[in-house]
Amino acid sequence: MNKTIVVVPTDPVKAYDRKGTSGVVKRIYNPNNYFDEVIILSPFEDEEFVWEDLKVIPTKTYVEFQKHLKRINPLFVRVYGSYHSCTFAIHARLLKYPVVVSIHDDRDSFIHDSIKYADRILAVSDVLKDILIVKGVKKNKITVIGNRIDYSTFKPLEGNSHNSIVLPKGRNILHIGKKTNQKNLDNVIKALTFLPKDVNLIAIGRGDDSVYQEIAEEYGVEKRLVLKQFIPNHELNNLYNSCEVFCVPSRNEGFGVVFIEAAAAGSKIVTSNKKPMSDILPREFKNVFLVDNFESPKDLAKLINQALTANEIDVKSDAIRLRGIHKEKFSFEIVGQKEIGALENIGAARPNLLLFLRLKFFSFSQRIINKIKR
């Protein structure tokens with residue numbers, strides 16, 4: 001039996017080229033090369049092409065989607081993300097093709113009601129599983145598989161590392177994440193006022209830099225702050241290794257892949273004493289520093305200073321130990337096997353009347369909106 005699946009992405013695939021993550025995404029789309037063929041039906045593309053040896057077919061409408069599904073006849077439809085692409089892909093159930101959705105983000109706007117109709121849901125953390133159950137998703141649909149990284153890419157390095165970002169002289173704190181309230185960058189900037197003047201902050205991520213530049217100027221630390229929108233994915237490991245401390249004290253997270261990347265690189269990590277961070281990074285490890293009051297810049301500075309002055313021998317030993325434990329949970333091979341196990345023996349979807357009516361209404365509404373736009 002030919003094992004073919006259809007993937008509905010959450011972004012144009014060329015976006016992964018710009019991030020330097022195309023090879024990673026391809027491995028995620030076909031875990032452990034288990035499937036014979038992966039075909040991408042993308043609402044974001046305008047022409048058919050081959051990307052990373054995968055066929056990409058533009059699929060703008062539900063009529064096109066259903067036509068392609070009938071021709072391809074996949075085992076199931078796979079969706080990455082529980083928002084707009086999930087709502088689009090759920091239409092496959094009307095043709096009795098199962099829909100498998102993975103959820104990565106805990107923000108309410110990123111979890112559409114359509115996820116309730118998925119046949120299987122792959123959550124990257126128990127936190128997300130609990131959120132779905134509260135939203136009315138049946139517990140037996142959900143499998144927690146964790147997140148995944150390449151341990152041959154993220155690892156401790158000896159000696160100086162090359163970075164496209166010129167790091168300031170002194171000791172550097174690294175913050176990686178979208179520049180949103182969720183990532184608590186505002187309080188990390190304020191924490192600089194309680195730290196020695198040779199300590200700087202490197203903040204990398206998409207978002208409005210001006211907001212954080214203004215905070216730095218207000219607190220008189222603007223010369224100790226480096227704001228960047230982007231760094232090539234292949235340089236991330238160098239940056240983890242070049243900075244003295246990795247600090248992302250998130251207010252909330254679905255998982256936070258940066259935490260296992262930093263741990264894999266052997267970093268000293270300061271983050272919030274809150275799930276899922278506290279599950280991924282237990283306090284018992286001497287390279288982990290969990291702050292209870294992550295809204296307090298003073299408390300953050302205290303933990304950062306502890307990390308900066310920690311015994312390097314003890315830290316290195318525990319960092320190696322934590323990396324080994326994580327590798328048995330979060331490697332591509334391990335998570336891929338969990339995913340395959342969750343997808344085996346998935347049967348034909350059984351669309352119910354409520355699903356049928358809701359999707360038909362949604363399709364009709366979309367057609368009306370499109371006509372108005374024209």
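Under UniProt numbering, the residues of the sequence shown are numbered 1 to 374, in order. Each residue gets a CB set at the ideal place from its N, CA and C atoms; glycine is no exception.
Residue i classed as buried or exposed, judged by whether at least 16 other C-beta atoms fall within 10 angstroms
i, result
"residue 50", "exposed"
"residue 115", "buried"
"residue 260", "buried"
"residue 120", "buried"
"residue 108", "exposed"
"residue 73", "exposed"
"residue 292", "exposed"
"residue 159", "exposed"
"residue 245", "buried"
"residue 250", "buried"
"residue 309", "exposed"
Euclidean distance between Cα positions of residue i and residue j
i, j, result
"residue 14", "residue 265", "28 angstroms"
"residue 353", "residue 117", "Low local confidence applies: a pLDDT of 46 at residue 353 is under 50, so the model's placement there is unreliable, and no value is given."
"residue 229", "residue 181", "16 angstroms"
"residue 366", "residue 81", "Its pLDDT being 48, under 50, residue 366 is placed unreliably by the model, and nothing is read from it."
"residue 178", "residue 19", "14 angstroms"
"residue 313", "residue 75", "51 angstroms"
"residue 176", "residue 70", "42 angstroms"
"residue 327", "residue 149", "9 angstroms"
"residue 270", "residue 136", "34 angstroms"
"residue 144", "residue 131", "12 angstroms"
"residue 134", "residue 100", "19 angstroms"
"residue 369", "residue 239", "Low local confidence applies: a pLDDT of 46 at residue 369 is under 50, so the model's placement there is unreliable, with the coordinate-based value given in what follows. Their Cα atoms are separated by approximately 46 angstroms."
"residue 110", "residue 87", "11 angstroms"
"residue 45", "residue 106", "27 angstroms"
"residue 142", "residue 122", "6 angstroms"
"residue 9", "residue 282", "33 angstroms"
Boundaries of the alpha helix (DSSP H) in which residue i is found, first to last residue
i, result
"residue 151", "Where residue 151 is concerned, there is no enclosing alpha helix (DSSP H), given that its DSSP letter is neither H nor E."
"residue 58", "Element bounds for residue 58: not the alpha helix (DSSP H) but the beta strand (DSSP E), 54–58."
"residue 335", "332–343"
"residue 19", "14–19"
Among the options, nearest to residue i - alpha-carbon criterion
i, options, result
"residue 288", "262, 176, 78 and 21", "262"
"residue 274", "290, 139 and 61", "290"
"residue 384", "89, 253, 226 and 147", "Examination of residue 384 is not possible in this model, given that the chain is present from 1 through 374 alone."
"residue 192", "207, 218, 205 and 204", "218"
"residue 343", "34, 207 and 233", "34"
"residue 236", "6, 169 and 174", "174"
Any non-hydrogen atom of the ligand GDP closer than 7 angstroms to residue i Cβ
i, result
"residue 226", "By its list of ligands, the structure shown contains no ligand whatsoever, and the ligand GDP lies outside what it can speak to."
The beta strand (DSSP E) enclosing residue i, as first and last residue numbers
i, result
"residue 166", "Looking at the DSSP string, residue 166 is not in any beta strand (DSSP E), and its letter there is neither H nor E."
"residue 80", "77–80"
"residue 187", "From DSSP, residue 187 is part of no beta strand (DSSP E) but of the alpha helix (DSSP H) over 185–191."
"residue 44", "Segment: none, residue 44 is in no beta strand (DSSP E) and carries neither H nor E."
Residue-chain proximity (residue i, chain D), Cβ-Cβ < 8 angstroms
i, result
"residue 241", "Protein chains in the displayed structure number just one, and chain D is not present."
Segment contact flag, the segment 94–112 with the segment 318–328, C-beta cutoff 8 angstroms, min 3 pairs: no
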